[in-house]
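Let me begin by presenting the structure, written as structure tokens, before commenting on it.
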Amino acid sequence: MKIIIAGEGKMGAALTRHLSLDGDDLTLIDSNPKVLEASEERYDIMIVQGNCASMDILLQAGVKEADLLIAVTGADEINLLCCMTAHNLNPNIHTIARVRNPEYFNQIYKMRNMFALSMMVNPENQAAVEIARLLRYPGFLKRDTFAKGRVEIVELRIDENSKLCNVPLMDMAGIVKCKTLVCAVLRNGAAVAPDGKFVLKAGDRIFVTAAANELTTLLKNLGIITHKVKSVMICGGGGISYYLAKHLESSGVNVQIIDNDRERCDHLAEVLPNACIIHGDATDRHLLEDEGIYDCDALVTMTGLDELNMVVSLYANSCGVPQVITKLGHMDNAGILGDLTLGSVISPKELTSNTIARYVRAMKNHEGAALTVHSIADGQAEAVEFVADETTKHCGEPLKTLKLKKGVLLVCITKGGKTEIPNGDSFFEPGNTVIIVTDHDKRIYQLNEIFE
Amino acid sequence: MNYKMMGKFMGKIIIVEAIFMIPSVLIGLWDRDFTAVGAFLATIGINLAIALLLHFFCKNSKDIFFAKEGMACVGLSWLLMALLGCLPFFFSGAIPNFVDAFFESASGFTTTGASIMPAVEGVSRAVLYWRSFTHWLGGMGVLVFLLAITSVGGRENGFTMHLLRAESPGPSVGKLVPKMRKTASILYLIYVALTVLDFIFLLFGRMDVFEAVCTALGTAGTGGFGVRNDSIAGYSSYIQNVCTVFMLVFGVNFSLYYLILIKQVKNVFKDEELRMYVLMVVGSIALIVWNLKGFYETFGETVKHAAFQVATIVSTTGFASTDFDQWPGFSKAILFFLMITGACAGSTAGGFKCGRALLLFKGMKRSVQQVVHPNKVQVVRLNNHAVDEKVLQGVNAYLAAYVVIFIVSFLLVSLDGFSLITNISAVSACFNNIGPGFEAVGPTCNFAGFGIFSKLILILDMIAGRLEIFPILVLFSGATWRHR
């Protein structure tokens, strides 16, 4: 498929990596030749330098033959103009624009029609939604939802005091007293596909498949006491903080936002009348203590600097804040962060590039396309949800007789309202939802591809 | 340095070379020329053995590559390829001296066409075919071929860009389509199609099939090895004119043919480099025709010879239809000028390239204006796009490297005691990948008279010229090999 990406910033780079690995024909447009060249030397792509909203440049990038345009420059207006121009030049093109200014937030549905967009993405709002979801179930580092919310893959960190520490996986069912399946373990930055004899160690991060209604049981039996989050401290008052505060306010959570820019604080105070806006330096220990870091239920670091976020999160952890969420803009080095207790790590650009990648896959196969795709284990594995239909092979055969490709794991089957964590005797039938986990090297686009 | 990855690449290149020797074996079998068959089979065996060794040692390479590896890899591959490509000449006894054989092979791969063979008629056809085929393979580049047929590297394989940049001529190299493999395939498809077209046109002139194949291969690579002692001179006017046209055609940037394919003909005619190339060719022909008044019997013949010589020199092919060494001084001066400029970037031709000359000239113009208006902010434009400062610097550096190598080679070759003109034109003919020069290396003579040392210098010049200097300079730079 021919795809044009306009704007090679953080978001664009994440998309380039994602889509070029999928084997699509990519053309990048950016006004900065330096970043273009760096991308060209890393990925098999073509580059065009210039303003992506100008017809000349779009034609040069081959907009007439392209199937999809993704506009992710820093400016919303350019993104919209770019998509509109492209749509004029080629009425068949699909367009995706990033629009993140909160002032446009209420009108995005109208704008979609006005600018003939196929999709609008707002990474900041998406990240905020994701964080709000995590705060609803404190204890999990990450939650990915499948089968319309009935199944989740959750991430847990094992530390020395955990009940699962030094326990082989086959004994896990006895401890958690509900049906779960560990589909991947991150140990020292590398993803491992575990079997029953695999013994969990402190520092491991495990990815557990479970029915959504059993998550509470899972948490309770693991001894992770959860109570509803009532007050959240947010360091940094950027776009995500705004959206997050909005979401949290609507569910009655007290929000404190600390930012060191006076004007930004004034603005936030104006648009978030119920939040407590504090003008100050989030790295200042006294300020944090003064504002009640010991009493808050969760701390979210949302400044623009990754290193600052990490330092504050580490400090919050040492203060015993029950839940810490850290935003990282650059996930490339996520491997080395495994040992740090940063709590949940959120990367807005990864979230959004997953969303877009899912859209691209759906464009490619109209039938049998994945319903949901989530990358887990720091992007080293992928969880994909399919619906089995009449064309699916091996329907009704027990799993123990099937030969799946190496590195492919079938982690869940939902039949109607019933969720089943499969064992050797399980089988699936047309109409069932099947969730699989694969190595990131293998891309699965159709359910039938999982069979040997 | 990622030596293992480089080894892996070279192993693949050697295998490609071995595969391309198979037609020669078949020709040898057809002719019942078993010396040649043995020579080629032995070379194929050696190639495979080295490839196997490289494969064995470089199995577990990391799939990542940077600019310096790309450069060094291309430089080394070409040296190795020329070295192995000379073995059939040596083994078959066509060229008894090893350095001579190496010279011939390097001259072939770099599409120079400078020969040390005094007479080619009577030499085994299998060897002659291989000699012409090296032009064809060297013209577009063997790494580009490799990129077209295999997908190399792992998931993040944008580093193949370094290979394309190092092997393709021109001041700034870009892709035609997003996928490297597709870009390389398109280039080779255009190349093959044009070569076949040339071959068909030659057949219409009642040329012998084998000779037509070799001539088409030599023209396509803008090489210049002929299969007759008098090169192209003995053929009919029609064949000579076909050669003239196709030599010029292969001197044009291949991405322009791609633009024609995707129906953007308008942009082709707007291309400044092409305009300069056409203007230069037409102007040179006109000036030479004027200068040659009365030299040939008819006006038509004058034009034909003038056009052929201009085409053969500007496209750096090196065929000859007449002994232009006998021409008056002004005509020879024009030819010498054309030797250095060469044809368009992104073609199979050698030389300094019109595009570079154009940028150099524009840069110079800017500097002159800077003297008049010291504070004027100016941008150099090519085809109505601003040219990146880095590209301009690259062109200036290229000129400096070009002049330095030219002078050093000239001094070293002069030790052999030939005349000044011979030495200058010999270095120019090799460095610009042309073939014939003037006087003792003129179109009717050859390079056999030079000593071993001079031949080695000229071999390096040829390869440096074909790869546009920097890959070879990188090979000889300490910073490349030092561990940091």
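Chains as they are written, first to last, in the numbering used here: chain A, 722 to 1173; chain B, 7 to 490.
Idealized CB from N, CA, C, for every residue including glycine.
Computed from a prediction, not measured in an experiment: that's the story for all the values here.
Check your understanding: Is the Cβ of residue 747 of chain A closer than 9 Å to any Cβ of chain B?
Key -> On the first sequence, position 26 is the one that residue 747 of chain A refers to. True, the Cβ-Cβ gap to chain B drops below 9 Å.
Check your understanding: Is there contact between the region 863-880 of chain A and the region 761-776 of chain A, where contact requires at least three CB pairs shorter than 8 Å?
Key -> Because the criterion of three Cβ pairs below 8 Å is not met, the region 863-880 of chain A and the region 761-776 of chain A do not touch.
Practice item. Give me the Cα-Cα distance between residue 50 of chain B and residue 291 of chain B, rounded to the nearest whole angstrom. Key: Position 44 of the second sequence, counted from the first residue, corresponds to residue 50 of chain B. Position 285 of the second sequence, counted from the first residue, corresponds to residue 291 of chain B. Approximately 45 Å between the Cα atoms of the pair.
Practice item. Grab me the residues of residue 125 of chain B's own chain with a C-beta within less than 8 Å of its C-beta, minus the 5 sequence neighbours each way, in chain order. Key: Within the second sequence, numbered from 1, the residue matching residue 125 of chain B stands at position 119. The beta carbon of residue 125 of chain B sits closer than 8 Å to the beta carbons of 235 from its chain, once the five residues preceding and following it are set aside; these are given in chain order.
Practice item. Under 7 Å Cβ to Cβ from residue 96 of chain B, same chain only, skipping five residues before and after it: list those, please. Key: Residue mapping note: residue 96 of chain B aligns to position 90 of the second sequence, counting from 1. Cβ within range, chain order: 104, 107.
Check your understanding: If we call anything under 9 Å between Cβ atoms a contact, is residue 842 of chain A one with residue 1093 of chain A?
Key -> Start at 1 with the first residue of the first sequence, and residue 842 of chain A comes out as number 121. Start at 1 with the first residue of the first sequence, and residue 1093 of chain A comes out as number 372. It is not a contact, given that the beta carbons lie outside the stated cut-off.
Review point. Taking buried to mean at least 16 other C-beta atoms within 10 Å of its own C-beta, is residue 141 of chain B buried or exposed?
Key: For the purposes of this step, residue 141 of chain B is taken as residue 135 along the second sequence, with counting starting at 1. Flag for residue 141 of chain B reads buried.
**Study point:** residue 41 of chain B, DSSP secondary structure in three states
**Key:** Along the second sequence, read from residue 1 onward, the residue named residue 41 of chain B stands at position 35. When DSSP states are grouped into helix, strand and coil, residue 41 of chain B belongs to the helix group.
Check your understanding: Does residue 49 of chain B come within less than 9 Å of chain A when only Cβ atoms are used?
Key -> The residue given as residue 49 of chain B occupies position 43 in the second sequence. Closer than 9 Å: no.
Point to revise | First and last residue of the uninterrupted beta strand (DSSP E) at residue 1047 of chain A | key: What you label residue 1047 of chain A is simply residue 326 of the first sequence in a count that begins at 1. It spans 1044-1048 - the beta strand (DSSP E) in which residue 1047 of chain A sits, taken as one unbroken run.
Check your understanding: Looking only at its own chain, which residues have a Cβ that is under 7 Å from the Cβ of residue 179 of chain B, when we skip the five neighbours before and after it?
Key -> Stepping through the second sequence from its first residue, residue 179 of chain B is reached at position 173. Cβ within range, chain order: 170, 171.
Review point. In or out: residue 1044 of chain A buried (at least 16 other Cβ within 10 Å) or exposed?
Key: Here residue 1044 of chain A refers to the residue found at position 323 when the first sequence is read from its first residue. Residue 1044 of chain A is buried by the Cβ-count criterion.
Exercise for review: Decide if the region 1131-1146 of chain A is in contact with the region 24-44 of chain B; the criterion is three or more beta carbon pairs, one per stretch, under 8 Å apart.
Suggested key: Contact between the region 1131-1146 of chain A and the region 24-44 of chain B is absent, because fewer than three Cβ pairs lie under 8 Å.
Review point. Mapping DSSP to helix, strand and coil, what is residue 477 of chain B?
Key: The residue you call residue 477 of chain B lines up with position 471 of the second sequence. Three-state result, residue 477 of chain B: helix.
Check your understanding: Taking the C-alpha atoms as reference points, what is the distance between residue 151 of chain B and residue 75 of chain B?
Key -> Taking the first residue of the second sequence as position 1, residue 151 of chain B is located at position 145. Taking the first residue of the second sequence as position 1, residue 75 of chain B is located at position 69. Rounded to whole angstroms, the gap between the alpha carbons of residue 151 of chain B and residue 75 of chain B is 19 Å.
Exercise for review: Note down, in chain order, all residues in the region 391-417 of chain B with a beta-carbon under 7 Å from any beta-carbon belonging to chain A.
Suggested key: Hits within the stretch, in order: 394.
**Study point:** Members of the region 1078-1100 of chain A that neighbour chain B once the beta carbon cut-off is set at 8 Å
**Key:** From the region 1078-1100 of chain A, no residue has a Cβ closer than 8 Å to chain B.
**Study point:** Listed by chain order, chain A residues near residue 44 of chain B by CB distance under 9 Å
**Key:** Start at 1 with the first residue of the second sequence, and residue 44 of chain B comes out as number 38. Scanning chain A for C-beta atoms nearer than 9 Å to the C-beta of residue 44 of chain B yields nothing, as the closest lies near 42 Å away.
Check your understanding: What span of residues does the beta strand (DSSP E) with residue 1135 of chain A cover, start to end?
Key -> If you number the first sequence from 1, residue 1135 of chain A lands on position 414. Residues 1129-1136.
Review point. How about residue 165 of chain B: is its C-beta nearer than 9 Å to some C-beta of chain A?
Key: As a first step, residue 165 of chain B is located in the second sequence; it is residue number 159 there, counting from the start. Closer than 9 Å to the CB of residue 165 of chain B there is at least one CB belonging to chain A.
Review point. Quick one, are the C-beta atoms of residue 1095 of chain A and residue 817 of chain A less than 9 Å apart?
Key: Locating residue 1095 of chain A in the first sequence gives position 374, counting from the first residue. Locating residue 817 of chain A in the first sequence gives position 96, counting from the first residue. At least 9 Å separates the beta-carbon of residue 1095 of chain A from that of residue 817 of chain A.
Point to revise | Interface residues of chain A facing residue 186 of chain B [CB-CB closer than 7 Å] | key: In the second sequence, the residue the question calls residue 186 of chain B occupies position 180. Under the 7 Å cutoff, chain A gives 765.
Check your understanding: Out of curiosity, what's the CA-to-CA distance linking residue 1169 of chain A and residue 1108 of chain A?
Key -> Position 448 of the first sequence, counted from the first residue, corresponds to residue 1169 of chain A. Position 387 of the first sequence, counted from the first residue, corresponds to residue 1108 of chain A. Rounded to whole angstroms, residue 1169 of chain A and residue 1108 of chain A show a C-alpha spacing of 11 Å.
Point to revise | chain B contact for residue 859 of chain A (CB, 9 Å cutoff) | key: Start at 1 with the first residue of the first sequence, and residue 859 of chain A comes out as number 138. No, residue 859 of chain A lies away from the interface with chain B (no Cβ there is under 9 Å from its Cβ).
Review point. Are the CB atoms of residue 251 of chain B and residue 138 of chain B nearer to each other than 9 Å?
Key: Taking the second sequence and counting its residues from 1, one reaches residue 251 of chain B at position 245. Taking the second sequence and counting its residues from 1, one reaches residue 138 of chain B at position 132. Contact flag unset, no.
Check your understanding: Under the rule that 16 or more other beta-carbon atoms within 10 Å means buried, what is residue 972 of chain A, buried or exposed?
Key -> Along the first sequence, read from residue 1 onward, the residue named residue 972 of chain A stands at position 251. It is exposed - the Cβ of residue 972 of chain A has fewer than 16 other Cβ atoms within 10 Å.
Review point. Along chain A, in chain order, which residues have C-beta atoms closer than 7 Å to that of residue 181 of chain B?
Key: On the second sequence, residue 181 of chain B is found 175 positions in, with the first residue counted as 1. 767, listed in chain order.
**Study point:** Buried or exposed (CB count within 10 angstroms, at least 16 for buried), residue 794 of chain A
**Key:** For this step, residue 794 of chain A is matched to residue 73 along the first sequence. With 16 or more other CB atoms across the displayed protein chains lying within 10 angstroms of its CB, residue 794 of chain A is buried.
Review point. If you draw a straight line from the alpha carbon of residue 117 of chain B to that of residue 465 of chain B, how long is it in whole angstroms?
Key: Locating residue 117 of chain B in the second sequence gives position 111, where the first residue counts as 1. Locating residue 465 of chain B in the second sequence gives position 459, where the first residue counts as 1. The alpha-carbon of residue 117 of chain B is positioned some 12 Å away from that of residue 465 of chain B.
Check your understanding: When the cut-off is 9 Å and only beta carbons count, does residue 1252 of chain A lie next to chain B?
Key -> Any property of residue 1252 of chain A remains undetermined from this structure, which presents chain A solely from 722 to 1173.
Exercise for review: Quickly, what does DSSP pair residue 985 of chain A with across the bridge? List them, please.
Suggested key: Here residue 985 of chain A refers to the residue found at position 264 of the first sequence. According to DSSP, which records beta bridges pairwise, residue 985 of chain A is partnered with nothing at all.
Review point. Relative to the alpha-carbon of residue 448 of chain B, which residue among B/269, B/271, B/329 has its alpha-carbon at the smallest distance?
Key: Here residue 448 of chain B refers to the residue found at position 442 of the second sequence. Distances from the alpha-carbon of residue 448 of chain B to those of B/269, B/271, B/329 put B/329 closest.
Review point. Quick one, which residues of the region 127-146 of chain B are near chain E if we go by CB-CB under 7 Å, in chain order?
Key: Absent from the structure is chain E; the protein chains it does hold are A and B.
Review point. Where does residue 383 of chain B land, buried or exposed, given buried means 16+ other C-beta within 10 angstroms?
Key: Reading the second sequence from its first residue, position 377 is the one you call residue 383 of chain B. Exposed, because fewer than 16 other Cβ atoms sit within 10 Å of the Cβ of residue 383 of chain B.
Review point. By the criterion of Cβ-Cβ separation under 9 Å, what are the contact partners of residue 1103 of chain A in chain B?
Key: Taking the first sequence and counting its residues from 1, one reaches residue 1103 of chain A at position 382. Going along chain B, no residue has its Cβ under 9 Å from residue 1103 of chain A, so there is no contact; the nearest lies around 14 Å.
Practice item. Identify the contact partners of residue 761 of chain A in chain B, using a Cβ-Cβ distance below 7 Å as the criterion. Key: Here residue 761 of chain A corresponds to residue number 40 of the first sequence, with the count starting at 1. What residue 761 of chain A touches in chain B: 164, 167.
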